[in-house]
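Okay, structure first, notes after.
In UniProt numbering, the protein residues as written are 1 to 283.
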């Protein structure tokens, strides 16, 4: 995480107890920062000055972790985004804590789209995949391919646990596909707010409308404002069919569980009139 815990109790980070964190890692914070910054815990000296695709942490004053914790704890609801919780069981102590009322919303996406997105965002780290696309052959026993398979298997295992509804998770787990949100953000947001038992305010509706219907000029790669329906399908024109086939092979069981359709040729892949999603209800 951005801050390194002094102790090993990872759950403190879910309770807004940032005072347990060590010094803020500004290098990691800069890597995590988006190009267009909204008002945050640390306020830039000049909010009108920013460099596209960069986050200049030197423009931020020292982060007051005590103030951040106080601000977090003062709110009735706390929303926490955790990237890749590998084992859903690790959250069991939180869900069984009688002092808390925790709801888990797990977001999944088409593995083919994830690979295409990462190849665009982290180009230097995926040069092997680009070479394979040019050669037309992908060694399925390569470490990179095995890493992709492992990632898919972990996500599938986590979702299977959630959908099985063990007693400690019953009524507290919701699975959502990225594509469903992107194509109908208002409807899915309403469902998630209802699941979390949080009032869906007019301000939230306005924010969603503004940030999911951006013009092409306002929508850059790292921008927080995009046309969500276009973004959901954009990857289909950037990933080589050869790589899409590899993903389908090593992530097949995961794609089937999430309701993603396979394609057998490039023509189908880039045909936007052919939906790659099955109509599927998870909850």
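We put the beta carbon where it would ideally sit given N, CA and C, even for glycine.
Taking residue i as the reference, give the member of the options with the closest Cα.
i           : options               : result
residue 120 : 81, 239, 182 and 151  : 239
residue 251 : 267, 162 and 152      : 152
residue 109 : 102, 118, 103 and 101 : 118
residue 79  : 163, 102, 94 and 92   : 102
residue 197 : 264, 136, 208 and 104 : 104
residue 176 : 145, 166 and 193      : 193
residue 230 : 246, 272 and 191      : 272
residue 142 : 128, 135 and 113      : 128
residue 180 : 107, 84, 76 and 81    : 107
Classify residue i as helix, strand or coil using the three-state DSSP reduction.
i           : result
residue 250 : helix
residue 277 : strand
residue 282 : coil
residue 266 : helix
residue 148 : helix
residue 107 : strand
residue 77  : coil
residue 272 : coil
For the beta strand (DSSP E) containing residue i, list its first residue and its last residue.
i           : result
residue 177 : 173 to 177
Can you tell me the Cα-Cα spacing of residue i and residue j, whole angstroms?
i           : j           : result
residue 124 : residue 133 : 15 Å
residue 65  : residue 74  : 14 Å
residue 182 : residue 122 : 22 Å
residue 171 : residue 195 : 9 Å
residue 279 : residue 199 : 27 Å
residue 266 : residue 234 : 15 Å
residue 90  : residue 72  : 23 Å
residue 111 : residue 162 : 19 Å
I need the boundaries of the alpha helix (DSSP H) containing residue i, first residue and last residue.
i           : result
residue 212 : 202 to 212
residue 195 : 185 to 196
residue 289 : Examination of residue 289 is not possible in this model, given that the chain is present from 1 through 283 alone.
residue 139 : Run containing residue 139: none; DSSP gives neither H nor E here.
residue 63  : Segment: none, residue 63 is in no alpha helix (DSSP H) and carries neither H nor E.
residue 96  : 92 to 96
Would the segment 203 to 212 and the segment 178 to 188 be scored as touching if the rule is three or more Cβ pairs under 8 Å?
yes
Does the pairing of the segment 147 to 164 with the segment 243 to 263 give three or more beta-carbon distances under 8 Å?
yes
Meets three-Cβ-pair contact criterion under 8 Å: the segment 159 to 169 and the segment 81 to 99:
yes
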